[in-house]
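Chemist: Chains as they are written, first to last, in the numbering used here: chain U, 538 to 890; chain X, 538 to 890; chain R, 538 to 890; chain D, 538 to 890. Right, I'll just put the structure down here and ask away after.
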């Protein structure tokens, strides 16, 4: 099933949900072989003993991270919590490996802003400028040649893909954008916290981080990047919510039309913007997306509508937070970096029902 | 447990979820005895055979609806789909019974507007003006003497209670209000529809009715009722979503401050507005509500905040759609109508976890 | 709502799920007032800040446990993990307080057996013999005068109530009993363990502890207690499973009839055995129990049947693990100990849907 | 992605969950192209409009079933409710198409027994003997040349694979077998029934059909087929339960050892029995299976243990009811019939988390 000249990949911090999702996708990728997976805490443990779904598909054992060994690989994925990748990065950047960081460490270009929101000193501020923000729908060309990819967050991916056509064309008031988003519990990672117990999350719904969530500056940076010059910079009100589901992000976006009497055909605008994107699906007019329609797939499905023909545009955008919101997008970046078919290993149908 | 002079109550259409919820609450109400429960489809069936939770608590049998019999009761609840109550109402209004209609039939004062959104001719338009909209936090005085109560819908209750302090005080732009709301599946009723199967709803999330939901005109009517005169009438963008939970509504409300430099203490404003309301709980600053904190209870819990100190106010409002959003509110109305303690039968602690 | 001469109650270890469930039940109990609730970890925290469902109902603050203070109360509940109650017990037994221990510390009379299964030295072995096993359906008389109650575990309650009529009457082979049971996730308590995350438990099902679960010796002790003398002692195969629900235990019990040709009317047998039990409901023949029919209630619902008229009897038994399986049963014990109506504070209807 | 000489496949009754699951698997199968999918009710509807997960992967439209057209295909799958396939079968058996029936119509060789349990006259009793029961782990050779495959039910697959090694070797009392099984809600199909609503199934658990489920005779037939001759025929007590999950079957099997003093190494027995089976995974001793470890995959995972070293053997067996329990097994049969790699199109990793 694998090609003749597969590249070698490593995963740093593979015990979390983005790690097992990378393994699920890479195990069947025709051009890649995962040869190293690291975890300080689980060194010596067989991957398949921790993730029984991988039995018979992955025969690796977790090992201690070793920069020399990682540096000989073609590509290294960081599936670590924020604050980890930046410590290994200076050494790893000296090696031949290309790096795809799924954490937040290199997403925000303004280091001071990063340090404020993440409440710590950045460990490799000099490398931030070298990182390419890995949203292919915006940065495909830069990704091709990147040494270091900062893979976007889950909420940022769903929100940016939903807003892009409106902002690129300056159709809405950029200072009153709203992203009302909801995420499945896997977004909080595989950590033993009371807040994420089934008994706490199940059969309930709540907002969290409404006063200020770390994805806010990342989203605003991304939205501002696509605005025409000379426009007031995007200001977003971002309220995330916790869904009693495992996978899925649903972003409900609101924006006010600058001129409600002179609005282009929004459906056509969105369809054209994403016509050549393999992983953005603009639904036919009248259909609304559901998170289950992308469960386990790398697709983002979007609907745009204008209720009551009033001044407020509503955009609905869904992704799987572990796939297009993390590991799938990382693989998409890898495909672009190494010249593979962009859909290689990602042409998966969502699991429905 | 019951008092000496209990009133007699009947329930029309008791097989649905609002019916069983009325029974759950009224069975333990100290001042009321349910003596009649009707269902054409289930006539002859024991209530406890349909709802095993009621075994040992309710010993009634479903019967065919009979206006003469209902008219001799003190209070009659309609727990029917829209379009049913209006047919029995002309006859029932001639009897001594006071009536609490949980359906949408008498909520909207503009009959033409009702007929447009509900897509049918109204069966008793002459009675619409006599109905009191049963939101105690706004209409308590009128409820006291009402013959016919139109009990508010679930989304309208959560949304109105969240917006009232802002609109009463004309603090926000009334023409750009947003209610991003999510409901548990019990809101769709106990009907055998594919869309509500566990295999369709579970482990997923979606918006629905985004182009126009029947609760929109009801909410806008309620919001306009509390605006000071001379103000542009409230215009709402309302996007409901379907949660994979049984009970609970979570409304995330957004409004733009008219003067971001001259904003009163919003926390204090909300606390004062609801200080004497037995079923509205304004959370301490910094706490956010969760639907499970009101599961099975008649409470509405609200938080208000202003993220990043910008111009957008966010209000979070949660209720149990079957309790404060339907049957609990109906009992609250009954308590007010008959001079009982407003909390009688409703002083229940939410089931958590 | 409270009576004139309420007793004073304390709860040791009130931060877990059995603690909040005790508060939910006792807050509305007419004869009891909770005046102390302890937690070393949360001392100083308002109970309602941890459990928002209790806002407006409970105005207590967690405090450090203090035996002197606890000893002045009428009743003290231990809602602690196993191993804690036994340390405070020697001192507390010297006070006037009567004690209801919801943990496993005093359930097993054979101290060596306890120490083997719980893998620790017992801290108060001399008190074990004084404890009364608090299953009212078996030990009501002894409970009346008990100083110390060992409240049964959740699986043991569901399993024993299901098997009792068969074993008391020596109708089945006692050496081949099977309890295939399933519990909601709240049974694992409110602890930050990865195994209990929504992302791990939800949308899945598994057995656990099949090789040997700590409730096995407790169940076998209880079953043997009700066997006629001279019979081979009960041997149980017990396989617990983890359900992706919050509350509820469902035990599916299997036993082989000793004489398949001479079997009494099992439905009548069960109905008679439990005719006077306020919290055991034998369903009509043909109905099967569901956990939701007891959610939040203290009821145990049971069905008995004999498929294909073969030699295997099947008994289905459901309870809410936090209510009849823990805190509700504790309150039932308290009611019996203090001569209250056995249903006081427990006459609650399950939350359905 | 498809091979050069793909076979052509049709699906009759493709609107249900087994239909969409067939499409998910066949869309990526390298040797097959689905060219026809029928549904009387949905004729003219695009498949992807009903199943948004298939957008971009399947471009078919539902059509009326047409035997002439179906007969020209290489393989026809029936994903219909029982009672449908038998009507089209006499005509279809005259064509060149080979047929894989996922329904119960041809599973039971004793037509009278089928008619009793399915409560209807069989429409093609003369064809029953020609059907091969499509459990590859038992009937691989016969499947190779079969014209008509009767694909096993979901409970029967999980139960038979769990019991086979014990029965083939006559290690347990065949007259006291127990299968305590639980299924996700998708097993009930995509039908608008109240019993399967999220509000009815979620956050609850119950047994159903305990007095007699249609899969009982199918399982007993399968178990008896593998018993050595001269042994008392297998008698099973089968109690199915409904899980609040979408996909997954978990069977907990109990059997009594004939000679508890002379038991082979059960772990080794199971590992050897299934050593060459691509879709049966015997877990290492000490590990227990979970349904999520096979979600979306065709794998059956099994554990065998003997608690307390007593006479009762416990076997735990999990499958995805829609994959190995239905559509995946159908594809596995097809692979065998047409000489493809048995894993073609089925080498999928379960979606975890």
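Note that the Cβ used here is the ideal one computed from N, Cα and C, for glycine as well.
At what residues does the alpha helix (DSSP H) containing residue 698 of chain X begin and finish?
Modeler: Start and end: 691-705.
Chemist: Flag residue 829 of chain U as yes if its beta-carbon sits less than 7 Å from any beta-carbon of chain X, otherwise no.
Modeler: At least one chain X Cβ lies under 7 Å of residue 829 of chain U.
Chemist: For residue 851 of chain U, return the contacting residues in chain X, with the cut-off set at a CB-CB distance below 7 Å.
Modeler: Result: 747, 774, 776.
Chemist: Taking the Cβ atom as the reference point for each residue, do residue 558 of chain D and residue 864 of chain D lie within a distance shorter than 7 Å?
Modeler: Yes, these two residues count as a Cβ contact at 7 Å.
Chemist: On the criterion of 16 or more Cβ atoms from any shown chain inside 10 Å, does residue 577 of chain X qualify as buried, or is it exposed?
Modeler: So residue 577 of chain X counts as exposed.
Chemist: If we count the other Cβ atoms within 10 Å of its Cβ and call it buried at 16 or more, is residue 636 of chain U buried or exposed?
Modeler: Its Cβ being crowded by 16 or more others within 10 Å, residue 636 of chain U is buried.
Chemist: Less than 8 Å between C-beta atoms, sequence neighbours within five positions excluded: which residues of the same chain meet that for residue 757 of chain X?
Modeler: Within the same chain, residue 757 of chain X has close Cβ partners 770, 771, 772, 773.
Chemist: Could you tell me which uninterrupted beta strand (DSSP E) segments, each at least 3 residues in length, are contained entirely in the segment 765-800 of chain U, listed from first to last along the chain?
Modeler: With a minimum length of 3 residues, the continuous beta strand (DSSP E) runs that stay inside the segment 765-800 of chain U are 773-779, 786-793.
Chemist: Below 7 Å between beta carbons: does that hold for residue 626 of chain U and residue 664 of chain U?
Modeler: Their beta carbons are under 7 Å apart, which means residue 626 of chain U touches residue 664 of chain U by this criterion.
Chemist: Is residue 802 of chain U helix, strand or coil when you go by DSSP?
Modeler: Coil.
Chemist: Whose Cβ in chain D lies nearer than 9 Å to the Cβ of residue 786 of chain X?
Modeler: The premise fails here: residue 786 of chain X is roughly 14 Å from chain D at the closest Cβ pair, so nothing lies under 9 Å.
Chemist: Which residues in chain R have a C-beta closer than 8 Å to the C-beta of residue 731 of chain U? List them in chain order.
Modeler: Within chain R, the residues near residue 731 of chain U are 727, 728, 729.
Chemist: Using a Cβ cut-off of 7 Å (strictly closer), state whether residue 736 of chain U contacts chain D.
Modeler: No, residue 736 of chain U does not count as interfacial toward chain D.
Chemist: Which residues in chain D sit within 8 Å of residue 781 of chain X, going by Cβ to Cβ distance?
Modeler: Within 8 Å Cβ-Cβ: 735, 739.
Chemist: Give the range of the alpha helix (DSSP H) segment to which residue 605 of chain U is assigned.
Modeler: 604-608 is the extent of the alpha helix (DSSP H) around residue 605 of chain U.
Chemist: Thinking C-alpha only, which one of U/647, U/779, U/799, U/682 is nearest residue 828 of chain X?
Modeler: Taking only the C-alpha atoms, the option nearest residue 828 of chain X is U/779.
Chemist: Between the Cα of residue 616 of chain R and the Cα atoms of R/687, R/631, R/840, which residue gives the shortest distance?
Modeler: Cα-wise, what sits closest to residue 616 of chain R is R/687.
Chemist: Taking C-alpha atoms, which residue in X/880, X/694, X/888 lies nearest to residue 567 of chain X?
Modeler: Considering only alpha carbons, the answer is X/880.
Chemist: To the nearest angstrom, report how far apart residue 693 of chain D and residue 752 of chain D are at their CA atoms.
Modeler: Cα-Cα distance, rounded: 6 Å.
Chemist: Smallest Cα separation from residue 887 of chain R: which of R/872, R/871, R/857?
Modeler: The shortest Cα separation from residue 887 of chain R among R/872, R/871, R/857 belongs to R/857.
Chemist: Quick check on this structure: which residue in U/762, U/629, U/624, U/715 has the alpha carbon closest to the alpha carbon of residue 676 of chain U?
Modeler: Closest option to residue 676 of chain U, Cα to Cα, is U/762.
Chemist: Within 7 Å (strictly less), CB to CB, does residue 743 of chain X reach chain U?
Modeler: Output row for residue 743 of chain X: interface = yes.
Chemist: Can you look up residue 645 of chain X in the DSSP assignment and give me helix, strand or coil?
Modeler: Note: residue 645 of chain X maps to coil in three-state DSSP.
Chemist: CB residue 546 of chain X to CB residue 612 of chain X, shorter than 7 Å?
Modeler: Yes; because the gap between Cβ atoms is below 7 Å, this pair is in contact.
Chemist: Let me know the alpha helix (DSSP H) ranges lying completely inside the segment 826-882 of chain X, each 4 residues or longer, listed in chain order.
Modeler: If we require 4 residues or more, the alpha helix (DSSP H) runs fully inside the segment 826-882 of chain X come out as 865-874.
Chemist: Taking Cβ positions only, does residue 825 of chain U come closer than 7 Å to chain X?
Modeler: So yes, residue 825 of chain U belongs to the interface.
Chemist: At which residues does the alpha helix (DSSP H) containing residue 685 of chain R begin and terminate?
Modeler: Looking at the DSSP string, residue 685 of chain R is not in any alpha helix (DSSP H); the run it does join, the beta strand (DSSP E), is 685-687.
Chemist: Give the straight-line distance between the Cα atoms of residue 933 of chain U and residue 658 of chain U, rounded to the nearest whole angstrom.
Modeler: Limits of chain U in this structure are 538 at one end and 890 at the other, which puts residue 933 of chain U out of reach.
Chemist: Three or more C-beta pairs closer than 8 Å, one from the segment 845-857 of chain D and one from the segment 697-714 of chain D: is that the case here?
Modeler: Touching, yes, given that three or more Cβ pairs across the two stretches are closer than 8 Å.
Chemist: In terms of DSSP beta bridges, what is residue 733 of chain X paired with?
Modeler: DSSP output for residue 733 of chain X lists no bridge partner at all.
Chemist: Can you say whether residue 821 of chain R is buried or exposed, counting buried as having 16 or more other CB atoms within 10 angstroms of its CB?
Modeler: The residue in question, residue 821 of chain R, is exposed, as its Cβ has fewer than 16 Cβ neighbours within 10 Å.
Chemist: Under DSSP, the beta strand (DSSP E) around residue 546 of chain U begins and ends at which residues?
Modeler: 544-549 is the extent of the beta strand (DSSP E) around residue 546 of chain U.
Chemist: Evaluate contact between the segment 870-878 of chain X and the segment 789-804 of chain X, counting only Cβ atoms and requiring at least three cross-stretch pairs below 8 Å.
Modeler: No, the segment 870-878 of chain X is not in contact with the segment 789-804 of chain X.
Chemist: Using only CA atoms, which one of U/543, U/544, U/550, U/556 lies nearest to residue 866 of chain U?
Modeler: The option with the nearest alpha carbon to residue 866 of chain U is U/556.
Chemist: Where does residue 542 of chain U land, buried or exposed, given buried means 16+ other C-beta within 10 angstroms?
Modeler: The residue is exposed, with fewer than 16 neighbouring Cβ atoms inside 10 Å.
Chemist: If you measure between the beta carbons of residue 785 of chain R and residue 726 of chain R, is that distance less than 7 Å?
Modeler: For residue 785 of chain R and residue 726 of chain R, no; Cβs fall outside 7 Å.
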